[in-house]
Amino acid sequence: MGVHSAPMTELLSRRSGLLRWSLAGAVGLALHGVALWWVFPADDSAAVVAAPEAVVMIDLPPEPELPPLESVEQAAVEEIQEAPPEDVAAVPLEPEAVETIQSVEELAEALPEPVETPPSEPEMLPPSEVAIPLPPPPPPEMVETAEVKPKSEPKKTERRKAEPRKQPEVTPPADAQAAGAGAGRQVADALAAYRSSVRRAIVGKRRASDADGATGRATVSLSIGRDGSIIGLSVGGSAAVSAAAERLIRRVGAFPPVPDSLDAPFKVTVPIEFKKD
1 MGVHSAPMTE LLSRRSGLLR WSLAGAVGLA LHGVALWWVF PADDSAAVVA
51 APEAVVMIDL PPEPELPPLE SVEQAAVEEI QEAPPEDVAA VPLEPEAVET
101 IQSVEELAEA LPEPVETPPS EPEMLPPSEV AIPLPPPPPP EMVETAEVKP
151 KSEPKKTERR KAEPRKQPEV TPPADAQAAG AGAGRQVADA LAAYRSSVRR
201 AIVGKRRASD ADGATGRATV SLSIGRDGSI IGLSVGGSAA VSAAAERLIR
251 RVGAFPPVPD SLDAPFKVTV PIEFKKD
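Residue numbering for the sequence shown follows full-length UniProt numbering, beginning at 1 and increasing consecutively.
Written out as structure tokens, the structure is:
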């Protein structure tokens with residue numbers, strides 16, 4: 001294909017050159033005509049018309065006779081066929097290289113095919129057989145022992161307890177004993193007399209309507225001041241009997257003064273019995 005394209009490009013280049021020259025001549029003629037028209041005025045147009053136009057002749061080279069396209073292609077094919085083929089010299093291999101190649105092939109054939117061996121599983125030891133290194137025992141602590149001397153026990157001193165001295169019993173004289181006995185008897189008599197006066201005061205203020213039909217016993221505890229006024233009052237018993245006894249004590253109001261031989265406030269407990277008539 002490359003042999004056929006070379007003559008064709010040469011022909012085309014020649015034809016394009018002739019065309020370029022023809023176009024250049026035509027352009028030159030046109031430019032000359034424009035120049036003549038510009039130089040001569042319009043009034044002298046008749047003279048210009050009368051005079052014959054000057055024609056510029058350009059000698060063009062004759063077109064070369066091109067051989068037909070078929071003959072060119074045939075000639076190119078004949079040239080390709082007539083070109084003798086180049087002789088390719090065979091490079092002989094060195095005998096050493098041939099020998100090494102043969103020896104490598106023989107070794108490859110002689111070697112046995114590799115046998116795939118399965119990977120061996122690691123042996124798992126039971127937990128009891130695994131030896132765990134123990135830390136070395138700590139060195140024994142050096143304890144300095146000091147000799148302890150026995151302390152001498154202090155001598156026990158026996159102390160004799162001093163026996164208390166017996167004081168001689170003092171017997172009061174007969175007059176003093178009689179006086180003490182007489183004073184105690186007076187206090188007891190005063191106490192009994194004052195209790196009787198308290199009971200008489202309560203009974204003297206008692207009325208039949210106090211019980212209001214209730215029957216039973218009420219226990220009245222009194223605390224009487226030195227002047228005989230009632231300081232404290234508490235009544236025990238049923239509700240109806242307690243209310244009747246409290247109304248009775250409030251009606252008494254005050255008792256006789258407490259004698260000097262007795263402690264004040266004077267405390268006394270008086271039972272009050274309520275019965276139906």
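Cβ coordinates follow ideal geometry from the N, Cα and C atoms, glycine included.
As a beta-bridge residue in DSSP terms, glycine 236 pairs with Thr219. Note on valine 220: 16 or more other CB atoms within 10 angstroms of its CB, so buried under the neighbour-count rule. CA-to-CA, the gap between alanine 218 and valine 187 works out to about 28 angstroms. The Cβ-Cβ distance between serine 223 and lysine 275 does not fall below 7 angstroms. Around the beta carbon of isoleucine 231, fewer than 16 other beta carbons sit within 10 angstroms, so the residue counts as exposed. Valine 270 is positioned such that its CB atom lies closer than 7 angstroms to that of arginine 199. Judged by DSSP in its simplified three-state form, alanine 254 adopts strand. Apart from the 5 residues on each side of it in sequence, phenylalanine 255 sits with its Cβ closer than 6 angstroms to the Cβ of Val198, Ala201, Ile224, Gly228 in its chain, given in chain order. The C-alpha of alanine 30 is placed about 13 angstroms away from the C-alpha of serine 22. Judged by DSSP secondary structure, lysine 267 falls within the beta strand (DSSP E) whose first and last residues are 266 to 274.
Alanine 244 and serine 261 have their alpha carbons spaced roughly 33 angstroms apart.
With respect to the 7 angstroms criterion, glycine 204 and valine 241 are not classified as neighbours on the basis of their beta carbons.
Excluding its 5 nearest sequence neighbours in each direction, valine 235 has C-beta neighbours in its own chain below 6 angstroms: Ala218, Val220, Ser242, Ala245, Glu246, listed in chain order. Ranking Pro257, Pro265, Gly237, Ile272 by CA distance to the CA of isoleucine 249 puts Ile272 first.
Put simply, the backbone Cα of glycine 237 is about 28 angstroms away from that of arginine 226. Between proline 259 and alanine 190 the beta-carbon gap is near 5 angstroms, inside 8 angstroms, which marks them as a contact. Under the three-state reduction of DSSP, serine 261 is assigned to coil, being neither helix nor strand.
Leaving aside the five residues that flank leucine 233 on each side, the residues in its chain whose CB is nearer than 8 angstroms to its CB run, in chain order, Val220, Ser221, Leu222, Ser223, Glu246, Ile249. Within the DSSP secondary-structure output, serine 229 pairs in a beta bridge with Ala254. Shortest Cα-Cα distance from arginine 195 to any of Pro257, Ala24, Gly253 involves Pro257. Within the same chain, Cβ atoms closer than 7 angstroms to the Cβ of proline 265 are found at Ser223, Ile224, Gly225, Ile231, the five residues on either side in sequence being excluded. Between the alpha carbons of aspartate 212 and alanine 239 lies a gap of roughly 12 angstroms.
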